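*Asks:* Add 173 to a position in the sequence shown, counting from 1, and you land on the number used in the working numbering.
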Amino acid sequence: MLADFDLGRFGLVSGSDLPSARLAYETHGNLNDDGSNCILLPSYYTGTSASYAPWIGPGRLFDPADWFIVAVNLFGNGVSTSPSRAHPDVAGANFPDVDIADNVIAQHRLLTQLGVRRIRLVAGWSMGALQAYEWAVRYPDLVVAILPIAGAARCSPHNLVFLEGVKTALLADPAFGEGRYVTPPVKGLRAFGTVYAGWAYSQAFFRDGMYRELGYSSVDAVIQSWATDHEREDANDLLAMLGTWQRADVGKYHPGGFAGAMGSITARAIVMPGSTDLYFPQADSEREVELLQHGELRPLVSDLGHVAGRPGVREAETAQIATVVRELLRG
174 MLADFDLGRF
184 GLVSGSDLPS
194 ARLAYETHGN
204 LNDDGSNCIL
214 LPSYYTGTSA
224 SYAPWIGPGR
234 LFDPADWFIV
244 AVNLFGNGVS
254 TSPSRAHPDV
264 AGANFPDVDI
274 ADNVIAQHRL
284 LTQLGVRRIR
294 LVAGWSMGAL
304 QAYEWAVRYP
314 DLVVAILPIA
324 GAARCSPHNL
334 VFLEGVKTAL
344 LADPAFGEGR
354 YVTPPVKGLR
364 AFGTVYAGWA
374 YSQAFFRDGM
384 YRELGYSSVD
394 AVIQSWATDH
404 EREDANDLLA
414 MLGTWQRADV
424 GKYHPGGFAG
434 AMGSITARAI
444 VMPGSTDLYF
454 PQADSEREVE
464 LLQHGELRPL
474 VSDLGHVAGR
484 PGVREAETAQ
494 IATVVRELLR
504 G
């Protein structure tokens, strides 16, 4: 069941704050007596805590009979405090910059309130992976293991440029009105989704007609689906999360910079880049793993592109992730 954790006036690392901030989350299973059986699943771009449902349940990646599973929503995703769900002082275009670090600090407060003393695993896809790395850097004594899937420890220059492209498509709609729109900027939202669709999948996905496996009848059906999905989003929410993504860097607040932050991670890490991911290429993950004390690269072999790691997309990819989860939770 979805619940709100009241953060009050929440100070951000930028020096701004969020009045009446709320972190939305859901839990599955029960916390054991010593608070050590927690699995944390941070949400991803345009996803919510409910998006992890395909991974949770008997016989799935995370069984509530064994684990206390906390799925938590990003600031900006429309469920936690967001431009569309905020105190009037920071609603809409007035929403301040929120970093990955802010999300993790808020999540730490939540888990402390819930009685968690040890996190067996922080696992996340895409922006969830960004948060997993930040958790391991910021709270090394709490985190036993991390599983970043199709993500990274920072937003690379190429990733940033890709995100600028989808953002520019949205901002080009005059109806956006610098974020002070009365009615949704539909043309901009659909353009955003259309550009996004070209990056979400691999070249082979389109070339070889693999979109049919996911229920699309044609390339145009893929485009229209992504355009329609993003038309339903709040434009300011999309931009708030996108900014959080672009600013992501575990070394941003660490005295040793990026390399120092990565080297400080004591948690075991199995890193699963998508083998055909256009957002977070495997080559970037290879460099990041070299900086880890206890890191291992385990590519998610798939022809689906970035979408390969998204919960519930296809059994072949889920099975690879499940193997790694079992290994990490045995340790």
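Glycine residues also receive a C-beta, built at the ideal position from the N, C-alpha and C atoms. Since the structure is predicted, the reported quantities are computational estimates derived from the model, not experimental observations.
1) Which value, in whole angstroms, describes the spacing of the CA atoms of Asp-262 and Ser-398?
2) How is the beta strand (DSSP E) around Phe-241 delimited, first residue to last?
3) Roughly how many whole angstroms lie between the Cα atoms of Leu-213 and Arg-483?
4) Residues in its own chain within less than 8 angstroms of Val-368 by CB, not counting five upstream and five downstream?
5) Anyone know if the C-beta pair for Pro-321 and Tyr-306 falls short of 7 angstroms?
6) For Arg-420, count the other beta carbons within 10 Å of its own beta carbon; 16 or more makes it buried, fewer makes it exposed. Which is it?
7) Rounded to whole angstroms, what is the Cα-Cα separation between Val-498 and Gly-350?
8) Gly-478 lies in the beta strand (DSSP E); which residues open and close that run?
9) Hey, how far is the Cα of Arg-291 from the Cα of Asp-314?
10) Pick from Leu-185, Val-423 and His-201: whose alpha carbon is nearest that of Phe-268?
11) Just to confirm the assignment: which complete alpha helix (DSSP H) runs, minimum length 4, are found wholly within the segment 377 to 411?
12) Considering only the beta carbon of each residue, do His-260 and Pro-192 sit closer than 7 angstroms?
13) With DSSP as the reference, label Pro-330 as helix, strand or coil.
14) Determine the contact status of Ala-309 and Ala-440, defining contact as a CB-CB distance below 7 angstroms.
15) For Met-445, which residues in the same chain have their Cβ closer than 6 angstroms to its Cβ, ignoring the five residues on either side in sequence?
16) Comparing alpha-carbon positions, which option in Leu-411, Thr-221 and Phe-178 lies nearest Ala-194?
17) Do the CB positions of Gly-324 and Phe-453 come within less than 7 angstroms of each other?
18) How is the beta strand (DSSP E) around Gly-350 delimited, first residue to last?
19) Using the C-alpha atoms, what's the distance from Gly-251 back to Ala-279?
*Replies:* Well, looking at it:
1) Cα to Cα, the separation comes out at about 34 angstroms.
2) Its beta strand (DSSP E) spans residues 241 to 245.
3) Approximately 16 angstroms, taken between the alpha carbons.
4) Non-local C-beta neighbours of Val-368 in its own chain, meaning closer than 8 angstroms and more than five positions away in sequence, comprise Gly-338, Val-339 and Ala-342, ordered along the chain.
5) Yes, the Cβ-Cβ distance between Pro-321 and Tyr-306 is below 7 angstroms.
6) By the neighbour-count rule (16 or more Cβ atoms within 10 Å), Arg-420 is buried.
7) Roughly 45 angstroms separates the two Cα atoms.
8) For Gly-478, no beta strand (DSSP E) encloses it, and the DSSP letter there is neither H nor E.
9) Approximately 8 angstroms, taken between the alpha carbons.
10) With respect to the C-alpha of Phe-268, the residue from Leu-185, Val-423 and His-201 having the closest C-alpha is Leu-185.
11) Here the runs fully enclosed are 392 to 404.
12) In contact: His-260 and Pro-192 (Cβ atoms closer than 7 angstroms).
13) Looking at Pro-330 - three-state DSSP - the assignment turns out to be helix.
14) In terms of Cβ geometry, Ala-309 and Ala-440 form a close pair [threshold 7 angstroms].
15) Beyond the five residues adjoining it in sequence on each side, Met-445 comes within less than 6 angstroms, by CB distance, of Ile-322, Arg-471 and Leu-473 in the same chain, given in chain order.
16) With distances taken between Cα atoms, Ala-194 lies closest to Phe-178.
17) In this structure, the beta-carbon distance from Gly-324 to Phe-453 falls below 7 angstroms.
18) Here Gly-350 belongs to no beta strand (DSSP E), and DSSP marks it neither H nor E.
19) Cα-Cα distance, rounded: 16 angstroms.
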